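Numbering (the working numbering), first residue to last: 868 to 1390.
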């Protein structure tokens, strides 16, 4: 028999490729792709976040109200108040047929998608109740969850976590697994930061203390700045009377980076796109000698006095930052603000020591199980059992190479999947060897018995393994986290066991029998 057939070259190539992909896991070498360890094996953090997407609907309703008011001003229509109700409907009040007619014209021309109830009249005051369509509200909620997922993914990518697992779970929940993370609290703060950046004017015409003790003027609100004193270690809240009207927001940002002032204190430099730069230039030009507050998540970071028009669209956010706080703020601003607040409803942290224990116990169970199988095969099937054992070892190498090549994540259930495929690989060899024994008892030669045994066993083995692969694919499609890890290793293990049992073992047996011309097979 020729030693270098196409099948022999294919088998050798597959095994060498698996070894090449597996080597970087143990040595720092090309192709520099290691088997990624899951949360349960290297430690890390598991979070389930609830996206409060009803807030996104509230924000959309508020935007709609502002648009309605803008259009009414443009058309000269006077109203007695337009406000959002608790059920996220809009209440609009008017007086006079002319204003009523003008409002209905504005609605029909610009807001035809709103559901409008029949107006009610009481004491010459006409009241309209408007609402977003239910399908529109559901779409906003869904988009808020999806946008929150992408924003969090961008933040985590910039934070530097390798192989995070981030996915939507249900309608309003996001599952996050961060293996190998060293600072869980910092990661939680970064993930949960809404990062809604706005630029608003400070109302210096009214005494802020009077507003605190009384009622803030219409169109104003009281926000606070946290001033940290590094010497005493205490924080002081400084009140500001801020105008609600947003002059510029963070949606027009193109960059945010950590910088240092003349005292080497960290600050965050921000840069706007062309549209944002034009707006910033106009704002600063129109409000010289007024204070412009930089507000992030309803906290005032700074409120400098505008000394001159600022062109170029660049600004700085200053505060009592540590370097990590400045870095995290820059990451949050670059990744964009969350469309709705998120709430942590489940949190688990796995320590690296526990992960190391899981690896050790998993490997011990795999080695012990493998050795028992190897001894059983050699005892029961003699020299043919040695070939099955060699195929078993190569099977494990192929699984490891596949995990590294596809950058799959190995979890503790994944190790269980590998152990299960070891048993399935042996099961295939048992079926083949029993078929070969039947052929030998019927009086056939060893070579003919081997060929007939493999031919008769192939269909049975394929049938059993294909059904298992289908089950594994279902687990992968609908499972989460550890279940997916189990499904991946199970699929790789089944494919590897089919290859080693039906191709490798057969090739070795046929090659041995054709070259040695033996009259008796040790099986």
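Ideal placement from N, C-alpha and C gives every residue a C-beta, glycine not left out.
Remember, it's a predicted structure, so these values are computed and weren't measured experimentally.
If you draw a straight line from the C-alpha of residue i to the C-alpha of residue j, how long is it?
i, j, result
"residue 993", "residue 963", "8 Å"
"residue 1045", "residue 1220", "16 Å"
"residue 1369", "residue 1226", "31 Å"
"residue 1052", "residue 1129", "30 Å"
"residue 1222", "residue 1329", "36 Å"
"residue 1066", "residue 891", "50 Å"
"residue 1313", "residue 1215", "59 Å"
"residue 984", "residue 936", "19 Å"
"residue 1094", "residue 1070", "20 Å"
"residue 1276", "residue 1181", "42 Å"
"residue 1042", "residue 1212", "10 Å"
"residue 1184", "residue 1072", "25 Å"
"residue 1308", "residue 904", "49 Å"
"residue 1203", "residue 1018", "6 Å"
"residue 879", "residue 1374", "11 Å"
"residue 1266", "residue 1344", "20 Å"
"residue 931", "residue 922", "14 Å"
"residue 1106", "residue 1086", "16 Å"
"residue 1132", "residue 1084", "36 Å"
"residue 1207", "residue 1061", "7 Å"
"residue 884", "residue 1161", "56 Å"
"residue 988", "residue 997", "15 Å"
"residue 1027", "residue 1122", "18 Å"
"residue 1294", "residue 1311", "24 Å"
"residue 1193", "residue 1115", "21 Å"
Specify the secondary structure class of residue i as computed by DSSP and reduced to three states.
i, result
"residue 1133", "strand"
"residue 1000", "coil"
"residue 1026", "helix"
"residue 1204", "coil"
"residue 1195", "helix"
"residue 885", "helix"
"residue 1322", "helix"
"residue 830", "Residue 830 lies beyond the residue range present for the chain, which begins at 868 and ends at 1390; the question has no answer from this structure."
"residue 985", "coil"
"residue 1050", "coil"
"residue 979", "coil"
"residue 954", "coil"
"residue 1209", "strand"
"residue 1276", "strand"
"residue 1061", "coil"
"residue 1096", "strand"
"residue 1108", "strand"
"residue 1073", "coil"
For the ligand ADP, is there a heavy atom less than 8 Å away from the beta-carbon of residue i?
i, result
"residue 969", "With respect to small molecules bound, the structure shown includes none, and the ligand ADP cannot be examined in it."
So, residue i versus residue j, is the Cβ gap smaller than 9 Å?
i, j, result
"residue 1139", "residue 1119", "yes"
"residue 911", "residue 1217", "yes"
"residue 1014", "residue 1209", "no"
"residue 1168", "residue 1143", "no"
"residue 1008", "residue 1038", "yes"
"residue 1117", "residue 1125", "no"
"residue 1188", "residue 1200", "no"
"residue 886", "residue 1263", "no"
"residue 1359", "residue 1287", "no"
"residue 1280", "residue 1378", "no"
"residue 1081", "residue 909", "no"
"residue 1148", "residue 1170", "no"
"residue 1321", "residue 1255", "no"
"residue 929", "residue 978", "no"
"residue 1289", "residue 1252", "no"
"residue 1150", "residue 1269", "no"
Rounded to the nearest angstrom, how far is the Cβ of residue i from that of residue j, given a contact under 8 Å?
i, j, result
"residue 1057", "residue 1198", "6 Å"
"residue 1110", "residue 1068", "5 Å"
"residue 1349", "residue 1032", "Their Cβ separation, rounded to whole angstroms, is 10 Å, which puts residue 1349 and residue 1032 out of contact at 8 Å."
"residue 946", "residue 959", "6 Å"
"residue 888", "residue 1272", "4 Å"
"residue 1323", "residue 1302", "5 Å"
"residue 1004", "residue 924", "5 Å"
Distance cutoff 9 Å, beta carbons only. Does residue i sit that close to anything in chain D?
i, result
"residue 1161", "Absent from the structure is chain D; it holds one protein chain and no more."
Residue i bridges to which residues according to DSSP?
i, result
"residue 1364", "In DSSP, residue 1364 forms no bridge with anything."
"residue 1010", "None; residue 1010 has no bridge partner."
"residue 1391", "In this structure the chain extends from 868 to 1390, so residue 1391 is not present and cannot be described."
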